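Undergrad: Got a structure here, written out as structure tokens. Questions coming.
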Amino acid sequence: AQSVTQLGSHVSVSEGALVLLRCNYSSSVPPYLFWYVQYPNQGLQLLLKYTSAATLVKGINGFEAEFKKSETSFHLTKPSAHMSDAAEYFCAVNSGGSNYKLTFGKGTLLTVNP
Amino acid sequence: KAGVTQTPRYLIKTRGQQVTLSCSPISGHRSVSWYQQTPGQGLQFLFEYFSETQRNKGNFPGRFSGRQFSNSRSEMNVSTLELGDSALYLCASSLGPGAEANTEAFFGQGTRLTVV
Chain A
1 AQSVTQLGSH VSVSEGALVL LRCNYSSSVP PYLFWYVQYP NQGLQLLLKY TSAATLVKGI
61 NGFEAEFKKS ETSFHLTKPS AHMSDAAEYF CAVNSGGSNY KLTFGKGTLL TVNP
Chain B
1 KAGVTQTPRY LIKTRGQQVT LSCSPISGHR SVSWYQQTPG QGLQFLFEYF SETQRNKGNF
61 PGRFSGRQFS NSRSEMNVST LELGDSALYL CASSLGPGAE ANTEAFFGQG TRLTVV
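Protein chains in written order, with my numbering: chain A, 1 to 114; chain B, 1 to 116.
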């Protein structure tokens, strides 16, 4: 069974600072990994997804994530935080195969201070 | 291209009642999944439908059910509502079998259900 662990339920950074949101996964098969963002009272929006073509994945809004198989990690980063990045971020893994079922981490709430 | 549409956006129900939520997927998407989001449990998978068949089910009681119609639209039903059913219910659509497993799911804005 797949599982996802997000370290840190709340991360606070200053505007312009580096954003690092941690995600570790457990999967018995090659993982299909995603990062989603959720703004208040909204659904989930895809930031980026892992494809086997590249270990460094670039997403929207300047975010990127690096897949490290040896560390079973898929951490999300952004070089310079903006006030509009304040939201909750979820890492997810798809069980793959013919069924589509996302297993989510508990989420990390990102606060950006002026 | 229209996104995933969920109706209604907000609902208030009384304990013991039942409720039906609706989801219209993106045109051409044939797989619809449902998730429950609560502050305590986070995002939990309810079930997934493809071609009017439930292919996968999460660990929820039988009071939670769903169905999918021939046009891929889906409904979920919760009977005998409990206070703990208060949550944001999210619907997601994806292409379905035949697409790559890393194909993303697109989410609707959700239905906020409050049980009083």
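Every residue gets a Cβ at the ideal spot worked out from N, C-alpha and C, and that includes glycine.
All values reported here derive from a predicted model rather than from experimental measurement.
In the DSSP assignment, the beta strand (DSSP E) including residue 57 of chain B goes from what residue to what residue?
TA: 53 to 57
Undergrad: Using the beta-carbon of each residue, which ones in chain A are nearer than 9 Å to residue 45 of chain B?
TA: Under the 9 Å cutoff, chain A gives 101, 102, 103 and 104.
Undergrad: For residue 75 of chain A, report the span of its beta strand (DSSP E) as first-last.
TA: 73 to 78
Undergrad: Pull the bridge partners of residue 42 of chain B from the DSSP assignment, please.
TA: Paired residue(s): B:38.
Undergrad: Whole-angstrom Cβ separation of residue 36 of chain A and residue 92 of chain A, contact assumed at under 8 Å?
TA: 6 Å
Undergrad: Name, going along the chain, the residues of the stretch 52 to 69 of chain B whose beta-carbon falls closer than 7 Å to a beta-carbon of chain A.
TA: Within the stretch 52 to 69 of chain B, the qualifying residues are 55 and 56.
Undergrad: Less than 6 Å between C-beta atoms, sequence neighbours within five positions excluded: which residues of the same chain meet that for residue 31 of chain A?
TA: 25 and 93
Undergrad: Please list the residues of the stretch 26 to 58 of chain A that have a C-beta atom closer than 7 Å to any C-beta atom in chain B, keeping them in chain order.
TA: 32, 34, 42, 43, 44, 46, 49, 50 and 51
Undergrad: Show which residues of chain B have a CB atom less than 7 Å away from the CB atom of residue 107 of chain A.
TA: 42
Undergrad: Any Cβ of chain A within less than 8 Å of the Cβ of residue 24 of chain B?
TA: no
Undergrad: Which complete beta strand (DSSP E) runs does the stretch 37 to 63 of chain A hold, if anything under 3 residues is left out?
TA: 44 to 49 and 56 to 58
Undergrad: By the three-class DSSP mapping on this structure, what secondary structure does residue 70 of chain A have?
TA: helix
Undergrad: For the beta strand (DSSP E) that residue 64 of chain B lies in, which residues bound it at each end?
TA: 64 to 68
Undergrad: Hey, is the stretch 102 to 109 of chain B in contact with the stretch 66 to 73 of chain B, meaning 3+ C-beta pairs nearer than 8 Å?
TA: no
Undergrad: Count the other CB atoms within 10 Å of the CB of residue 30 of chain B; is the residue buried (16 or more) or exposed (fewer)?
TA: buried
Undergrad: State yes or no: is the C-beta of residue 76 of chain B within less than 8 Å of the C-beta of residue 113 of chain B?
TA: Between residue 76 of chain B and residue 113 of chain B, the C-beta spacing is not below 8 Å.
Undergrad: Between the Cα of residue 106 of chain B and the Cα atoms of B:94, B:79 and B:16, which residue gives the shortest distance?
TA: B:94
Undergrad: Along chain A, in chain order, which residues have C-beta atoms closer than 7 Å to that of residue 108 of chain B?
TA: 43
Undergrad: Assess contact between the stretch 2 to 9 of chain B and the stretch 53 to 66 of chain A, defined as three or more Cβ pairs (one per stretch) separated by less than 8 Å. Is contact present?
TA: no
Undergrad: Use the C-beta contact count for residue 26 of chain B: other C-beta atoms within 10 angstroms, 16 or more gives buried, fewer gives exposed.
TA: It counts as buried.
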